[in-house]
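Inspection log for the structure reproduced underneath, given as structure tokens.
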Amino acid sequence: MSKVQEGVDPTTTLLRAACAEFGWTPTPSFGPFNCFQFEGTKSLGYEIAEQSDWNLPDWILFPTGSGGLMAGTMKGLWEFKQMGLIDKIPRPVVVQPEGCSPIVRAFNDSQDPLNITPWDSNETVAGGLADPFPWDG
Numbered sequence: 001m002s003k004v005q006e007g008v009d010p011t012t013t014l015l016r017a018a019c020a021e022f023g024w025t026p027t028p029s030f031g032p033f034n035c036f037q038f039e040g041t042k043s044l045g046y047e048i049a050e051q052s053d054w055n056l057p058d059w060i061l062f063p064t065g066s067g068g069l070m071a072g073t074m075k076g077l078w079e080f081k082q083m084g085l086i087d088k089i090p091r092p093v094v095v096q097p098e099g100c101s102p103i104v105r106a107f108n109d110s111q112d113p114l115n116i117t118p119w120d121s122n123e124t125v126a127g128g129l130a131d132p133f134p135w136d137g
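Just so we're aligned: 59 in the UniProt record's numbering is position 59 of the sequence shown, and the numbers increase by one with no gaps anywhere.
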């Protein structure tokens, strides 16, 4: 167990430290560390298509911390469109808690997607969505 500072991405900090100390290869399911990160979450796109009887909604709302669930789901839907299994791809909507919403702020402030400013604090009870830096967004 390790105490971490609010507003800093503790997962990535600890990951990098452990990899450096033990010579491990980083394989998390987020960020630039794993090129296969969306292969699992794209199956949600498959499920949405199949369970909606191939008649997809116009919009899909994604509770979002870092953006990986949305990106993977959209990848799965894009693949189904490329295969001709669906006619359209729904528009994604990123939904973040007000107390930690770096992607929403970046969109509203027209920030460069490759230079999103990290969130300063995590003031939300939605701990699973409290990602101060959106590695996958």
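All C-beta atoms in this analysis are idealised placements derived from N, C-alpha and C, irrespective of residue type, glycine included.
All figures in this text were calculated on a predicted structure; none of them were measured in a lab.
Inter-residue Cα distance where the pair is Pro-90 and Gly-127 | Taking C-alpha positions only, Pro-90 is separated from Gly-127 by approximately 27 Å.
When Ile-48, Trp-135, Pro-92, Gly-76 are compared against Asn-115, the one with the closest alpha-carbon | For the residues Ile-48, Trp-135, Pro-92, Gly-76, the minimum Cα distance to Asn-115 belongs to Trp-135.
Check whether the Cβ atoms of Val-95 and Leu-56 sit closer than 8 Å, and answer yes or no.
-> In this structure, Leu-56 does not lie closer than 8 Å to Val-95 by Cβ.
Buried or exposed by the 16-neighbour rule on C-beta atoms within 10 Å, applied to Ser-2 | With a pLDDT of 49 at Ser-2, under the threshold of 50, the modelled position of that residue is not reliable, and no figure is offered here.
Run through the UniProt domain "Tryptophan synthase beta chain-like PALP" (6-132) for me and flag every whole beta strand (DSSP E) of 3 or more residues, listed as ranges in chain order.
-> Entirely contained in the UniProt domain "Tryptophan synthase beta chain-like PALP" (6-132), the beta strand (DSSP E) runs reaching 3 residues are, in chain order, 59-63, 91-95.
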